[in-house]
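Presented below is the structure to which this report refers.
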Amino acid sequence: MADFRKTKTAMAEHIPEDVMINVLERLPVKSLMRFICVSKRWRFIISDPQFAKSHYKLSCENQTIRRRFYLSNSNRFALDSLDFESPSPLLREVRIPFEQPGIKYWSLRCSCNGLVCAVVSVSTSAKYHLYIWNPSTGFLKRLPDPSFCVYSMSVSSGFFGIGYLSATDDYKIIKPGEMLSLRANVWKKIHSPLKDLYIPPEEGIRVNEALHWFYARTPSIAAFDLATEEFRTMPLPAALKHTYYAVLDCSVRLQASVGGCLCAFDFVMFGGSIDFWVMREYGVADSWAKLFKFNVPVPSENIYESERLVVSDTSITLERANVGFL
Amino acid sequence: MSTPAENEASIKQESGPSGTVQDKPKKIVVRTGDGEVFELKEEVAMEMETIKTFFMEDNISYETVMPLTNVDSWELVKVIEYCSKYVELKNKENFHKELKAFQDEFVKSMSPKTLLSLSNVANYLEIKYFLDFICQAIADHIKSKDVEYVRELFGVENDFTEEEYEMAKTEAPWAHENLDKDLY
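These protein sequence lines are chains A and B, in that order.
So for the first sequence, our numbering puts the first residue at 1167; every next one is plus one.
So for the second sequence, our numbering puts the first residue at 266; every next one is plus one.
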């Protein structure tokens, strides 16, 4: 009775490659980055973009994606990477891969699926450079310079967003006046019916393959649809619409809930209470519902503060971050 | 242990006049690579695509003993244990919770070699949920292990030169550090 498995060595049991790939798809990124050193075949499999896609998909389904926070470091050219989810959080220093002569300042503007978009201002150029970086794998790609740099010397101005469009398996980056698809690798002019000046210089919130910002003009929500590449507005809950907001003093924050719904809450700079709203049905004005209200202590420092509410199944955390230039 | 001939005889008895067959739960008989014969409940056997296809595709009678040459008896015992439990829990309310408790117990004292053997069997018998479960268990086992360990376990030959290996390491040097401490 011939049995192919009986020819295995004493130690090892040979398993077919597709079973091996099933195992690899379940490994965390750090293990995968180590196992590219196992053999040339393993490196080939792990480096394959198809594999990265199925690995990411499985991580999302099993909710094993680790969230990391990148904090500024005393070293101008590095970040501290912090994993909140491990019981004893490990701080790891990560050097920026786009350090170059004449670098003035840089910041991470937006992120999606582990990819980060970094903006770098260099003294030798009026324009700023853009990079796509995956801090977990080290992947780095310089993007073509954007055409419009309205505030050419100021890296932080203008809204920014990055999103993934599943239909074309593509990432798109949007900034005032133009958009770039990672696949096309060219900036394309975007004609928007909205006034860019009324959109705060922040990262767009991703829900339903569209990016969202608070729009101070109406006030409402400015949404950029990644598929149609068009801007439109969406209504805010009535209770949050009654006051006029200046753009940089905007009092309404948006974010995505764990379940993928758009949420809005008032931003409280000097302490007070927060009303947290969720849009239960995307695009339906009537579906805005107030989830809860709670009190926030007065902060001790008032540099430009950014707040975020992190809502998980078991806890609600209010994060405060001091944002400044590195 | 009954001989195949005896077993076939007893099966013939069971599938007598149509009246009596309806009362008895249907059984499927298989023979493992090491010569042992197993009787499986139909509902459990049908969880294994390979067995299901064998009988369903050409309408083969359940009197036939299906050979499973690539499966050892101890492996089949484990597979039956898992699939029977899965079928039992499938429609229950606490399915996920109870399955998780069972899964933890199931792999508790299994060696990595055992897991690899079972992954081969799960693949051969085409039991998707069991294969995914075993692969997850293997992944959990190797995730904090170093390159050498993984090569030995899977019998993979190192085809890098020393230089090439060092180059590959530099792609992510941090991935080779803190292997015990971290809980990735």
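By construction, the Cβ of each residue, glycine as well, lies at the ideal position given by its N, Cα and C atoms.
**Item:** Rounded straight-line distance, which links the Cα of A:I1202 to that of B:Y430
**Value:** Translated into positions along the second sequence, residue 430 of chain B becomes position 165. Translated into positions along the first sequence, residue 1202 of chain A becomes position 36. In a straight line, the C-alpha of B:Y430 is about 9 Å away from that of A:I1202.
**Segment limits, beta strand (DSSP E) that includes B:F360** = In the second sequence, the residue the question calls residue 360 of chain B occupies position 95. No beta strand (DSSP E) holds B:F360; the alpha helix (DSSP H) holding it covers 360-372.
**Message:** Which residue wins for smallest C-alpha separation from B:C348, given the options B:F320, B:I407, B:L364?
**Reply:** Residue mapping note: residue 348 of chain B aligns to position 83 of the second sequence, counting from 1. Its Cα nearest to that of B:C348, the residue B:L364 stands out among B:F320, B:I407, B:L364.
**Prompt:** Does the beta carbon of A:E1375 sit closer than 7 Å to a beta carbon anywhere in chain B?
**Reply:** Your numbering for residue 1375 of chain A matches position 209 in the first sequence. Chain B contact via Cβ: absent.
**Request:** Return helix, strand or coil for B:V421, following the three-state DSSP convention.
**Result:** As a working mapping, residue 421 of chain B is identified with position 156 in the second sequence. Three-state DSSP puts B:V421 in coil, outside helix and strand.
**Below-7 Å beta-carbon distance, A:C1203 vs any chain B residue** = Locating residue 1203 of chain A in the first sequence gives position 37, where the first residue counts as 1. For A:C1203, the closest Cβ of chain B is nearer than 7 Å.
**Item:** Per-residue contacts from A:L1193 into chain B (C-beta, under 7 Å)
**Value:** On the first sequence, position 27 is the one that residue 1193 of chain A refers to. Near A:L1193 (Cβ distances below 7 Å), the residues of chain B are A404, K408.
**Message:** Strictly under 7 Å for the Cβ-Cβ distance: is A:H1180 near chain B by that measure?
**Reply:** For the purposes of this step, residue 1180 of chain A is taken as the residue at position 14 of the first sequence. Yes, because at least one Cβ of chain B sits closer than 7 Å to the Cβ of A:H1180.
**Prompt:** For chain A, is any of its Cβ atoms less than 7 Å away from the one on B:D369?
**Reply:** Stepping through the second sequence from its first residue, residue 369 of chain B is reached at position 104. Chain A contact via Cβ: absent.
**Asked** Under a CB-based cut-off of 7 Å, is A:K1196 close to chain B?
**Response** Looking up residue 1196 of chain A in the first sequence gives position 30. Taking Cβ atoms only, chain B reaches closer than 7 Å to A:K1196, which makes this a yes.
**Request:** Could you list the residues in the segment 323-339 of chain B with a C-beta less than 8 Å from some C-beta on chain A, going in chain order?
**Result:** Those residues of the segment 323-339 of chain B that come within reach of chain A (Cβ to Cβ, closer than 8 Å) are T334, N335.
**Item:** Cβ neighbours of A:G1280 in the same chain (closer than 7 Å, five flanking residues each side left out)
**Value:** The count along the first sequence starts at 1 and reaches residue 1280 of chain A at position 114. Result list for A:G1280: N1300, S1302, in chain order.
**Message:** Using the three-state DSSP reduction, which class does A:Q1421 fall into: helix, strand or coil?
**Reply:** On the first sequence, position 255 is the one that residue 1421 of chain A refers to. DSSP places A:Q1421 in strand when its eight states are reduced to three.
**Asked** What three-state label does DSSP hand B:Y351 in the structure shown?
**Response** By one-based count along the second sequence, residue 351 of chain B stands at place 86. Three-state result, B:Y351: helix.
**Asked** Nearest chain A C-beta to B:Y394 closer than 7 Å, yes or no?
**Response** Mapped onto the second sequence, residue 394 of chain B falls at position 129. No - not a single Cβ of chain A is within 7 Å of the one on B:Y394.
**Request:** Pull up the DSSP beta-bridge partners for B:P332, would you.
**Result:** Here residue 332 of chain B refers to the residue found at position 67 when the second sequence is read from its first residue. Looking at the DSSP assignment, B:P332 forms a beta bridge with B:R296.
**Message:** What does the alpha-carbon distance come out to for the pair A:P1342 and B:M432?
**Reply:** As a position in the first sequence, residue 1342 of chain A is number 176, starting the count at 1. As a position in the second sequence, residue 432 of chain B is number 167, starting the count at 1. CA-to-CA, the gap between A:P1342 and B:M432 works out to about 41 Å.
**Request:** Measure the CB-CB distance between B:V295 and B:M331 and report whether it falls below 7 Å.
**Result:** As a working note, residue 295 of chain B is residue 30 in the second sequence. As a working note, residue 331 of chain B is residue 66 in the second sequence. Contact flag set, yes.
**Request:** Identify whether B:N388 lies in helix, strand or coil by the three-state DSSP scheme.
**Result:** Residue 388 of chain B sits at position 123 when you count from the first residue of the second sequence. Residue state, collapsed to three classes: helix.
**Message:** Under DSSP, the alpha helix (DSSP H) around A:T1303 begins and ends at which residues?
**Reply:** For the purposes of this step, residue 1303 of chain A is identified with residue 137 of the first sequence, where counting begins at 1. For A:T1303, there is no enclosing alpha helix (DSSP H), as DSSP marks it with neither H nor E.
**Prompt:** Can you list the residues of chain A that B:V412 reaches, using a CB-CB cut of under 8 Å?
**Reply:** As a position in the second sequence, residue 412 of chain B is number 147, starting the count at 1. Near B:V412 (Cβ distances below 8 Å), the residues of chain A are R1200, F1201, C1203, V1204.
**Message:** In this structure, how does DSSP classify A:R1192 when only helix, strand and coil are distinguished?
**Reply:** For the purposes of this step, residue 1192 of chain A is identified with residue 26 of the first sequence, where counting begins at 1. Reduced to three states, the DSSP call for A:R1192 is coil.
**Request:** Quickly, what does DSSP pair A:I1328 with across the bridge? List them, please.
**Result:** Your numbering for residue 1328 of chain A matches position 162 in the first sequence. A:I1328 pairs with A:I1339.
**Request:** Return the first residue and the last residue of the alpha helix (DSSP H) that A:S1225 is part of.
**Result:** As a working note, residue 1225 of chain A is residue 59 in the first sequence. Taken as a continuous stretch (DSSP letters only), the alpha helix (DSSP H) holding A:S1225 covers 1215-1227.
**Request:** Output yes if chain B places a C-beta closer than 7 Å to the C-beta of A:V1185; else output no.
**Result:** Counting from 1 along the first sequence, the entry for residue 1185 of chain A is found at position 19. For A:V1185, the answer is yes, since a Cβ of chain B falls inside 7 Å of its Cβ.
**Asked** Quick one, which of A:F1431, A:P1403, A:L1420 has its alpha-carbon nearest A:D1452's?
**Response** The residue labelled residue 1452 of chain A in the question sits at position 286 within the first sequence. Among A:F1431, A:P1403, A:L1420, the Cα nearest to that of A:D1452 is on A:P1403.
**Message:** I want to see whether chain B comes within less than 7 Å of A:N1351, judged by CB atoms only; does it?
**Reply:** Numbered from 1 along the first sequence, position 185 holds the residue referred to as residue 1351 of chain A. Interface criterion not met: the Cβ of A:N1351 is under 7 Å from no Cβ in chain B.
**Request:** Might you give, ordered along the chain, the residues of its own chain that have their beta carbon closer than 7 Å to the beta carbon of B:H441, omitting 5 neighbours on each side?
**Result:** One-based indexing of the second sequence puts residue 441 of chain B at position 176. Residues K434 of the same chain have their beta carbon placed closer than 7 Å to that of B:H441, with the five preceding and five following residues left out of the count.
**Prompt:** CB-CB under 7 Å to A:E1265, same chain, minus the five flanking residues each way: which ones, in chain order?
**Reply:** Here residue 1265 of chain A refers to the residue found at position 99 when the first sequence is read from its first residue. Only F1243 meet the Cβ criterion.
**Asked** beta strand (DSSP E) containing A:S1387: first to last residue?
**Response** The sequence position of residue 1387 of chain A within the first sequence is 221, counting from 1. One point to set straight first is that residue 1387 of chain A is Ile, not Ser, in the sequence displayed. In the DSSP annotation of this structure, the continuous segment of the beta strand (DSSP E) that includes A:I1387 starts and ends at 1386-1391.
**Message:** Looking at B:V386: is its Cβ nearer than 7 Å to the Cβ of B:V336?
**Reply:** Here residue 386 of chain B refers to the residue found at position 121 of the second sequence. Here residue 336 of chain B refers to the residue found at position 71 of the second sequence. Cβ distance < 7 Å, so B:V386 and B:V336 count as in contact.
**Prompt:** chain B partners of A:W1454, CB-CB under 8 Å?
**Reply:** The residue labelled residue 1454 of chain A in the question sits at position 288 within the first sequence. Residues of chain B passing the Cβ test: none, with the nearest at roughly 32 Å.
**Item:** Closer than 7 Å at the beta carbon, the chain A residues around B:H441
**Value:** The residue labelled residue 441 of chain B in the question sits at position 176 within the second sequence. Simply R1200.
**Message:** Is A:Y1317 close to chain B? Criterion is C-beta to C-beta, closer than 7 Å.
**Reply:** The residue labelled residue 1317 of chain A in the question sits at position 151 within the first sequence. With a pLDDT of only 46 at A:Y1317, under 50, the local geometry of the prediction cannot be trusted, and the value read off the model is given with reservation. Answer no: the Cβ-Cβ gap between A:Y1317 and chain B never drops below 7 Å.
**DSSP state of A:V1444 mapped onto helix, strand, coil** = Position 278 of the first sequence, counted from the first residue, corresponds to residue 1444 of chain A. Strand.
**Prompt:** Taking the continuous alpha helix (DSSP H) assigned at B:I399, which residues delimit it?
**Reply:** What you label residue 399 of chain B is simply residue 134 of the second sequence in a count that begins at 1. Here the alpha helix (DSSP H) through B:I399 covers 393-407.
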